[in-house]
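Colleague: For the sequence shown, the numbering used here gives the first residue as 953, with consecutive numbering after it. Built from N, CA and C at the ideal position, the CB exists for glycine as well. Given the structure is predicted, the values throughout are model-derived calculations rather than measurements. Right, I'll just put the structure down here and ask away after.
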Amino acid sequence: MPRLDGKVSIITGGSMGIGYAAAQRFLKEGAEVFIVGRFEETLKQATLELGKHCHAIVADCADVKQVTSMVETAVEQFGRLDVLFLNHAFSLPGEVMDDMTEALFDRMMNTNLKGTYFAIKAARPHMRRGSTIILTSSIGGHVANRAVPVFNMTKAAIRSLTRSMCGALSAQGIRVNSISPGFTNSGVFQKIGMSAEQVATMIDRQSEQIPSGRFATVEEIANGALFLASEESSYVNGADLCIDGGVIQVMPETPTMPVA
């Protein structure tokens, strides 16, 4: 039997990258999948590619009313929600503190954290015992990346929210876990304006610091989400699955220290 046979699922950030790959995996395993994003044309193209059991919802996950409506749309069609994969995020290529405005700060907080919390709040009444919620954190929530301090802060908060929601929803039989992707070739670098040459140079440079020696594929991250969505992870609750090639476990190599 498919691992998600008949399960109703929402995947935010589902029209590209990790979210799109997760939608492919969930659909292959028998789920009805709602992919959520801000851009109607991108969503329309994705649903055409993904097939008849994939449905599109246009929503800005920074907006509480829109994430609430997102959940209501899925529930109105199928009467329940079994898997909520909150994979959306807003980030900047480099958060220079002098250039950070209050508006940008609020956008990151509202998208990455506020929208996530209120999506869970909206979904909870419609999720049965045995349902599961998956949040996307990041290795930036575990170790400091000096280039993106605000993003790191939001992802560390997602890790804390995972723990809190595990406790809050356990009596209802809803499991809550998170994934922390490491460096992943997801297309996000091109989306924020990097050229193909810049992306290739960056990947080569960063791969030297990854114990596995390469970036993850979006399919590898999606496999982790599928595990947490399925009954195979039935005793996993409040956990964070790091899918990072070992980055947060091993210090980067440093030059050999001289012997006195």
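1. From the DSSP output, in three-state form, read off THR1025 for me.
2. Do you know whose CA, among TYR972, MET953, GLY958, lies nearest ALA1177's CA?
3. By Cβ distance below 8 Å, which residues in the same chain neighbour THR1059 in space, the five residues on each side in sequence not counted?
4. Going straight from the alpha carbon of ILE1155 to that of SER1164, what length do you get?
5. Helix, strand or coil, according to DSSP, for CYS1013 in the structure here?
6. Given a cut-off of 8 Å, decide if LYS996 and ARG1011 are closer than it, judged by their beta-carbon atoms.
7. Contact defined as beta carbons within less than 8 Å: I believe GLU1036 pairs with HIS1005. What is the distance between those atoms, to the nearest angstrom?
8. Are the Cβ atoms of VAL985 and SER961 separated by less than 8 Å?
9. Do the CB positions of THR1136 and ILE1173 come within less than 8 Å of each other?
10. For the alpha helix (DSSP H) holding ARG977, just list the boundary residues, first then last.
11. If you check the beta carbons only, do GLY1067 and VAL1128 fall under 8 Å apart?
12. When you compare only the Cα positions, how much space is there between LEU1033 and PHE1103?
13. May I ask which residues mark the beginning and end of the alpha helix (DSSP H) holding SER1159?
14. Measure the C-alpha to C-alpha separation of GLY958 and ALA1075 and round it to an integer number of angstroms.
15. When DSSP builds the beta bridges, which residues end up paired with GLU984?
16. Look up ALA1099 in the DSSP assignment and say whether it is helix, strand or coil.
17. If you draw a straight line from the alpha carbon of ARG1157 to that of ALA1071, how long is it in whole angstroms?
18. In angstroms with no decimal places, state the Cα-to-Cα distance between LEU1056 and LEU1044.
19. Based on the DSSP output, what are the partners of ILE1086 in its beta bridges?
20. For a test of the three-state rule: what should DSSP assign to ASP1192, helix, strand or coil?
21. Under DSSP, the alpha helix (DSSP H) around LEU1002 begins and ends at which residues?
Modeller: From the atom records:
1. Looking at THR1025 - three-state DSSP - the assignment turns out to be helix.
2. Nearest C-alpha to ALA1177: TYR972.
3. Thr is not the amino acid found at residue 1059; the sequence shown has Arg there. If you ignore the 5 residues before and after ARG1059, its C-beta comes within less than 8 Å of the C-beta of ALA1014, PHE1042, all in its own chain and listed in chain order.
4. Their Cα atoms are separated by approximately 13 Å.
5. CYS1013 sits in coil when the DSSP states are folded into three classes, being neither helix nor strand.
6. The sequence shown places Ala at residue 1011, not Arg. Cβ distance not < 8 Å, so ALA1011 and LYS996 don't count as in contact.
7. One detail in the question is off: residue 1036 reads as Leu in this sequence, not Glu. Between HIS1005 and LEU1036 the Cβ distance is about 17 Å, and since that is not below 8 Å, they are no contact.
8. When the beta-carbon positions are compared, VAL985 and SER961 come within less than 8 Å of each other.
9. Going by C-beta atoms, THR1136 is nearer than 8 Å to ILE1173.
10. Counting along the chain, the alpha helix (DSSP H) containing ARG977 begins and ends at 969-980.
11. Contact annotation: GLY1067 and VAL1128 have beta-carbon atoms that are not nearer than 8 Å.
12. Our two residues, LEU1033 and PHE1103, have alpha carbons roughly 29 Å apart in a direct line.
13. Element bounds for SER1159: 1148-1159.
14. Note on geometry: alpha-carbon atoms of GLY958 and ALA1075 lie some 18 Å from one another.
15. The partner list for GLU984 (beta bridge, DSSP) reads VAL960.
16. Correct three-state label for ALA1099: coil.
17. Roughly 37 Å separates the two Cα atoms.
18. LEU1056 and LEU1044 have their C-alpha atoms roughly 9 Å apart.
19. DSSP, once it has assigned bridges, lists PHE1037, ASN1129 as partnering ILE1086.
20. In the three-state reduction of the DSSP assignment, ASP1192 falls in the strand class, which pools E and B.
21. Where LEU1002 is concerned, the enclosing alpha helix (DSSP H) stretches over 992-1002.
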